[in-house]
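Data block below; observations after.
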Amino acid sequence: PHRSLARLGIPFGVATDNKPADPWLVFNAIVHRRDMATGAVLGESERLTRARALAALTVGGAYVTFAERARGRLTPGYAADLAVLEHDPLSAPAEALVGETARLTMVAGEVVHRA
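Just remember that the numbering used here sits 860 ahead of the position in the sequence shown, which is counted from 1.
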């Protein structure tokens with residue numbers, strides 16, 4: 861019920877511990893709400909915008925791990941944790957995001973991965 865949570869102002873985050881651990885599968889699920897096996901739309905009224913879904917992965921992810929005052933945003937004073945992606949999650953076709961990998965990853969402002 862992600863859209864209902866957002867509408868009510870209830871903070872939430874999304875993540876996955878399933879295999880494959882692909883956050884973009886989760887992103888697509890809450891944006892499109894399609895059953896992966898049948899393609900049927902489930903709970904269309906609960907779809908999130910791409911911007912809100914990205915916030916659920918970032919700001920929301922920090923919130924659910926009690927790190928909302930240090931992570932989840934690109935803001936002065938916050939940990940500079942970020943990933944540079946090949947595709948823009950706000951505009952790329954849904955299928956382009958599945959399996960998306962980081963071209964560059966920074967943790968606490970230090971580059972830890974470069975593709």
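Beta carbons are placed, not taken as given, at the ideal position from N, Cα and C, and that holds for glycine.
Residue environment analysis places Leu-934 among the exposed positions, since fewer than 16 neighbouring C-beta atoms fall within 10 angstroms of its C-beta.
Taking the Cα of Ala-943 as reference, the smallest distance to any Cα among Thr-925, Thr-918 and Ala-927 is reached at Thr-918. In the three-state scheme derived from DSSP, where H, G and I count as helix and E and B as strand, His-973 is classed as strand.
Shown here for Ala-875: same chain residues with a beta carbon closer than 8 Å to its own, the five before and five after excluded, namely Pro-883, Val-886, Leu-917, Gly-921 and Val-924 in chain order.
Arg-912 and Pro-861 have their C-alpha atoms roughly 13 Å apart.
Distance from the Cα of Glu-946 is smallest, within the candidate group Thr-961, Pro-936 and Glu-955, for Thr-961.
Taking every protein chain shown into account, the CB of Ala-881 has fewer than 16 other CB atoms within 10 angstroms, so this residue is exposed. Taking a C-beta distance under 8 Å as the contact criterion, Asp-941 and Met-966 qualify as a contact pair. In this model, Thr-909 and Val-971 are separated by some 30 Å (Cα to Cα). In the three-state DSSP reduction, Ala-954 falls in the helix class (H, G or I).
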